[in-house]
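Enquirer: Just passing along the structure, written as structure tokens.
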Amino acid sequence: MTTLGRVGVPDDIGPMIASLLRDDNRWVTAQRIEVSGGQTI
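As structure tokens, then:
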């Protein structure tokens, strides 16, 4: 369980991946992005 009160599902990851694939994020490199619902702070 996370601080959001539920377990994550694949649909929680998709929006982050989609935002990284946008053209205006072409300068984002070598980042570690936590999509953990607040479990990892």
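In the working numbering, the protein residues as written are 131 to 171. Glycine included, every Cβ here is placed at the ideal spot set by N, Cα and C.
#1: Suppose you measure from the CA of residue 156 to the CA of residue 163; what does that come to, to the nearest Å?
#2: Helix, strand or coil for residue 150? Go by DSSP, reduced to three states.
#3: Residue 163 CB to nearest chain D CB: under 7 Å?
#4: Under the three-state reduction of DSSP, which class applies to residue 168: helix, strand or coil?
#5: Quick one: grab the DSSP three-state call for residue 143.
Expert: Here's the rundown:
#1: 15 Å
#2: helix
#3: Chain labels in this structure do not include chain D; a single protein chain is all it has.
#4: coil
#5: helix
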